[in-house]
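A.B. asks: First the structure, then my questions, so here it is.
Residue numbers (full-length UniProt numbering): 1 to 237.
Right, dumping it as structure tokens:
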């Protein structure tokens, strides 16, 4: 299976989701980054969007691929796909992360329309709302009203059950595999309290709280993953 993450906007979470939503659960898959900048050395293979032959070759050779398509290379990717339609027809699932900002939503709509123009089926496209703030002042349906209208009209997968709430768990630059820990911070905190070590107990309490948040995020990622993969299986029954 081949899965692509893409959006004309940057900073919507494509690379994070490629690694922590997909690669973390699909260890045997090759992670290919289509990008001309912002590479951080963690990629398995980097291809420029205009390098049509190299991209086509990799898609033909590899059975299981995760494509992280950078926003600055997306236009080149679509141009390459129009010249060689088998590039995009080889991809099974398209994940389009988006954020609440208006520009990002407009770019998401453009991404959807360009996918459809390249003969991608609507049921292959999954929109994932990222960095969402859930509060009592503005509902998510109000925030994403224009995008909701488009996805409903085009029958695109977009469900706020799978929205990712804004958080700061990645502030230290780690990926999910590096952050997950089986350390029993609560037991260590209780031990520190018993010994009257308030300072260390506070540090361990903060680690325990962060650990719970990371596990909760991973559980949410798993729910999103199951939905995306299961939807493909249903479409091919």
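We put the CB at the ideal spot given by N, CA and C, even for glycine. These numbers come from a predicted model, not from an experiment.
If you draw a straight line from the C-alpha of residue 247 to the C-alpha of residue 202, how long is it?
C.D. replies: For residue 247 there is no data in the structure shown, the boundaries of the chain being 1 and 237.
A.B. asks: Is DSSP giving residue 12 helix, strand or coil here?
C.D. replies: DSSP places residue 12 in coil when its eight states are reduced to three.
A.B. asks: Need the endpoints of the alpha helix (DSSP H) that residue 77 sits in, please.
C.D. replies: Taken as a continuous stretch (DSSP letters only), the alpha helix (DSSP H) holding residue 77 covers 74-83.
A.B. asks: Quick check on DSSP: helix, strand or coil for residue 96?
C.D. replies: The answer is strand: DSSP assigns residue 96 an E or B state.
A.B. asks: Which residue comes first and which comes last in the beta strand (DSSP E) that contains residue 67?
C.D. replies: Segment 65-69, the beta strand (DSSP E) holding residue 67.
A.B. asks: Tell whether a beta-carbon distance below 7 Å holds between residue 129 and residue 66.
C.D. replies: No, Cβ-Cβ distance for residue 129 and residue 66 is not below 7 Å.
A.B. asks: Assuming residue 87 contacts residue 34 under a Cβ cut-off of 8 Å, what Cβ separation, rounded to an integer in Å, is found between them?
C.D. replies: Their Cβ separation, rounded to whole angstroms, is 11 Å, which puts residue 87 and residue 34 out of contact at 8 Å.
A.B. asks: On the criterion of 16 or more Cβ atoms from any shown chain inside 10 Å, does residue 133 qualify as buried, or is it exposed?
C.D. replies: The residue is exposed, with fewer than 16 neighbouring Cβ atoms inside 10 Å.
A.B. asks: Residue 80 to residue 56, Cα distance in whole Å?
C.D. replies: Each residue's alpha carbon lies about 9 Å from the other.
A.B. asks: Considering only C-alpha positions, which residue in the set 138, 112, 182, 155 is nearest to residue 75?
C.D. replies: Selected option, being the one with the closest Cα: 112.
A.B. asks: Are the CB atoms of residue 214 and residue 93 within a distance shorter than 7 Å?
C.D. replies: Going by C-beta atoms, residue 93 is not nearer than 7 Å to residue 214.
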